[in-house]
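Asker: Please read through the structure below; I'll follow up with questions.
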Amino acid sequence: MARPKILMYVDVVSPFSYEAYYLLRHDPVFKDCEVTYVPIFLGGLMNKCGNTAPIRIKNKDKWISQERTRWAKTFNIPISPTLPADFPANTLPIGRALASLPPTDLTKTLDILFRKYWVENVPLHRPDVLRDALTDIFGGERAASILADAATTGKQTLIQNTDKAFEDGAFGLPWMVCTNTDGQTEGFWGVDHIGQVVQFLGLDRTKGLAKTGWRAVL
Numbered sequence: 001m002a003r004p005k006i007l008m009y010v011d012v013v014s015p016f017s018y019e020a021y022y023l024l025r026h027d028p029v030f031k032d033c034e035v036t037y038v039p040i041f042l043g044g045l046m047n048k049c050g051n052t053a054p055i056r057i058k059n060k061d062k063w064i065s066q067e068r069t070r071w072a073k074t075f076n077i078p079i080s081p082t083l084p085a086d087f088p089a090n091t092l093p094i095g096r097a098l099a100s101l102p103p104t105d106l107t108k109t110l111d112i113l114f115r116k117y118w119v120e121n122v123p124l125h126r127p128d129v130l131r132d133a134l135t136d137i138f139g140g141e142r143a144a145s146i147l148a149d150a151a152t153t154g155k156q157t158l159i160q161n162t163d164k165a166f167e168d169g170a171f172g173l174p175w176m177v178c179t180n181t182d183g184q185t186e187g188f189w190g191v192d193h194i195g196q197v198v199q200f201l202g203l204d205r206t207k208g209l210a211k212t213g214w215r216a217v218l
């Protein structure tokens, strides 16, 4: 029998992408899933959809900060009580760097960058800070190579990834394209719909770390 599959589009700037990513990476509910992460530029996706950034909508900006901490508490996800500096920052350089990485390096890099941005409030959108973070992960020579690739192949790949996310129905993040064991595929938006992902894929939520969290969404 084929394994359940999840293709998740991500941008480090999205707190709800971070939370959904954390669950897919750490909660045993998803241990039998084949998961693929694809970096995109959320700002570009929003422009393609004609959407206004949620943080720019009156009252919703306050709600977003409350909502991210609610979901973090529900599922025991580590997150800073304060928003990162300059939020929402331009994460285009981060996305290009991520898009230039091979799959073997992407996940470990996302692990570290998501944590730095949403738990430690490290301003990764600043070029020198991003360079230092990549140097910590890969060493100086490889980090320089990644940043050079980011300006060429990474730039084009990020555009292609963002266009593909739009074609797959995405209008915000996290966007998860899920395929169950019957071969049926559907798209799901938001960490608040993670329970629907579990149901659609036929996963056993009793294996989860945060059982009260799963009861809250199912």
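So for the sequence shown, the UniProt record's numbering puts the first residue at 1; every next one is plus one. Using N, Cα and C, we set each Cβ at its ideal position, and we do this for glycine too.
#1: Please list the segments of the alpha helix (DSSP H) lying wholly inside the segment 112-164, counting only runs of 4 or more residues, in order along the chain.
#2: Can you list, in chain order, the stretches of the alpha helix (DSSP H) that have 4 or more residues and sit fully within the segment 22-85?
#3: Taking the alpha-carbon of ARG205 as reference, which of ASP32, PHE114, THR153, ILE159 has the nearest alpha-carbon?
#4: Between which two residues does the beta strand (DSSP E) containing PHE171 stretch?
#5: CB-CB under 6 Å to VAL191, same chain, minus the five flanking residues each way: which ones, in chain order?
#6: Who pairs with GLY187 in a beta bridge, going by DSSP?
#7: With burial defined as no fewer than 16 other Cβ atoms inside 10 Å of the residue's Cβ, what is the status of LYS62: buried or exposed?
#8: Measure the Cβ-Cβ separation of ALA99 and LEU23 and say whether it is below 9 Å.
#9: Give the DSSP-derived three-state secondary structure of VAL10 in the structure shown.
#10: So, PHE171 versus ASN51, is the Cβ gap smaller than 9 Å?
#11: Counting only C-beta atoms, is GLN196 closer than 9 Å to chain C at any point?
#12: Is the beta carbon of TYR9 closer than 9 Å to that of ASP168?
#13: Taking the alpha carbon of SER14 as the point to measure from, which residue in LYS73, VAL198, LEU83, CYS178 has its own alpha carbon closest?
Answerer: With the structure as the only source:
#1: 127-138, 140-149
#2: 42-49, 60-74
#3: ASP32
#4: Run containing PHE171: none; DSSP gives neither H nor E here.
#5: PHE16, GLU19, ALA20, TRP71
#6: VAL177
#7: exposed
#8: no
#9: strand
#10: yes
#11: The question asks about chain C, but that chain is absent: this structure has only one protein chain.
#12: yes
#13: LEU83
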